[in-house]
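Each residue of the sequence shown is one higher than the one before, counting from 1 in full-length UniProt numbering.
Even for Gly, the Cβ is constructed at its ideal location relative to N, Cα and C.
Remember, predicted model here, so these are calculated numbers, not experimental data.
Everything on this sheet refers to the single structure shown next.
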Amino acid sequence: MYLGVVKQKEWASVRAQSSHVEMIDALFKSVSPKKDKGMIRELLIDFYQSTHKLKPKHILISRDGVSESMFDRVLNIELEQIMQV
Numbered sequence: 001m002y003l004g005v006v007k008q009k010e011w012a013s014v015r016a017q018s019s020h021v022e023m024i025d026a027l028f029k030s031v032s033p034k035k036d037k038g039m040i041r042e043l044l045i046d047f048y049q050s051t052h053k054l055k056p057k058h059i060l061i062s063r064d065g066v067s068e069s070m071f072d073r074v075l076n077i078e079l080e081q082i083m084q085v
């Protein structure tokens, strides 16, 4: 079992996921047509609430552990999930 982690300054979000999975599978997690319980939304809401309703100007995501052969695939899938948020 591996963990998917998204960290934003003092905030972090951790989810367990299957071993040998290079993509973080909980960036966007639709639970209904209008509801998302993914890590990105969770962190954006925490940021918004703790900064007196400011929205981030930039989002930086650092990834490690993705092989060169899988990099483009992982990038496209994770970026699509982030854009859905």
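Is it the case that the Cβ atoms of residue i and residue j are separated by a distance below 8 Å?
i: R73; j: M39; result: no
i: L43; j: S13; result: yes
i: residue 89; j: Y48; result: Nothing can be reported for residue 89, as the shown portion of the chain is limited to 1 through 85.
i: E22; j: S62; result: no
Tell me which residues share the same chain as residue i and place their Cβ nearer than 6 Å to its Cβ, disregarding the 5 neighbours each side in the sequence.
i: Q84; result: F28
i: N76; result: none
i: V31; result: K37
Hey, quick one: how far does the beta strand (DSSP E) through residue i stretch, first residue to last?
i: V31; result: 30–32
Along the chain, where does the alpha helix (DSSP H) containing residue i start, and where does it finish?
i: M39; result: 39–50
i: V74; result: 71–84
I'd like to confirm the pairing. Which residues does DSSP put opposite residue i in its beta bridges?
i: D36; result: S30
i: V66; result: None; V66 has no bridge partner.
Give every residue of the same chain whose Cβ lies closer than 8 Å to the Cβ of residue i, excluding the five residues on either side of it in the sequence, and list them in chain order.
i: R41; result: F28, V85
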